[in-house]
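A.B. asks: Structure in structure tokens, see below.
Residue numbers (this note's numbering): -16 to 216.
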């Protein structure tokens, strides 16, 4: 049975205090991070960078699906999305936020995870998104939304909080499938599958894939890791 399970990191990293700031630098606060994330959401619903203009550093960069690209060609700047779900986690120690959004609109379905990083002046220095849509392997925005709305994000009593190092360690060891997509490649990254019986992929799963994908057109399973490489990268 074909089952699509979205791979967004669901670990919210709580920080007990903001990092020490220079006298002429504003402290990183949850309010500032959420305000910038709200501007990002506004930009995505408009399909324009205008709502983000006041929050961007002069030399900010944009990454999409693990590649740096021109922001003007991004999903953020070219696709006005009707959002059915949004959740943002804020990390004042790293001065970064992680926002997951889902648009189950049949005309423009998208599932996007975005990390926003801020500089010492709280301006956005980097936006890093993983965007899945129609033709992404086993993509189903509606089913993803069904899973997400069932999550229970109750507040954990402060006495039961784990410390930051414990949460980061758990995140670093938790692998998620970030983007499953077809991609032209020269057989880098993931071992190609051959024949109808398939071969074992890097994660040990057996895949029944047509031989026609071959080498030049393989199915690449991109993995993103929370912790040190994705959420706190």
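Glycine residues also receive a C-beta, built at the ideal position from the N, C-alpha and C atoms.
Within a Cβ cutoff of 6 Å, which residues of the same chain sit near residue 112, ignoring the five residues on either side of it in sequence?
C.D. replies: 47, 95 and 97
A.B. asks: Could you tell me how far apart the beta carbons of residue 76 and residue 16 are, in whole angstroms, since I believe they sit closer than 8 Å?
C.D. replies: Contact doesn't hold; Cβ gap of about 11 Å is too wide.
A.B. asks: Is the stretch 116 to 124 touching the stretch 147 to 155 in the sense that three or more CB pairs, one from each, lie closer than 8 Å?
C.D. replies: no
A.B. asks: From residue 26 to residue 33, what does the alpha carbon distance come to, in whole angstroms?
C.D. replies: Each residue's Cα considered, the two are about 7 Å apart.
A.B. asks: Taking C-alpha atoms, which residue in 30, 129, 55 and 133 lies nearest to residue 65?
C.D. replies: If you compare the alpha carbons of 30, 129, 55 and 133 with that of residue 65, the shortest gap goes to 30.
A.B. asks: The beta strand (DSSP E) spanning residue 20 covers which residue range?
C.D. replies: Per DSSP, residue 20 belongs to no beta strand (DSSP E); it is in the alpha helix (DSSP H), 13 to 29.
A.B. asks: Does residue 71 pass the burial test, meaning 16 or more other C-beta atoms within 10 Å, or should it be called exposed?
C.D. replies: Buried, because 16 or more other Cβ atoms sit within 10 Å of the Cβ of residue 71.
A.B. asks: Which runs of the beta strand (DSSP E) spanning at least 3 residues fall entirely within the stretch 104 to 135, listed in chain order?
C.D. replies: 107 to 116
A.B. asks: At the level of alpha carbons, what is the spacing between residue -9 and residue 9?
C.D. replies: Confidence at residue -9 is low in this model, with a pLDDT of 40, below 50, so the placement of that residue should be treated as unreliable; the coordinate-derived value is given next. Taking the straight line from one Cα to the other gives about 30 Å.
A.B. asks: Look at residue 87 and residue 124 and say whether their C-beta atoms are less than 8 Å apart.
C.D. replies: yes
A.B. asks: Is DSSP giving residue 75 helix, strand or coil here?
C.D. replies: coil
A.B. asks: Please report the residue range of the alpha helix (DSSP H) in which residue 154 lies.
C.D. replies: 147 to 155
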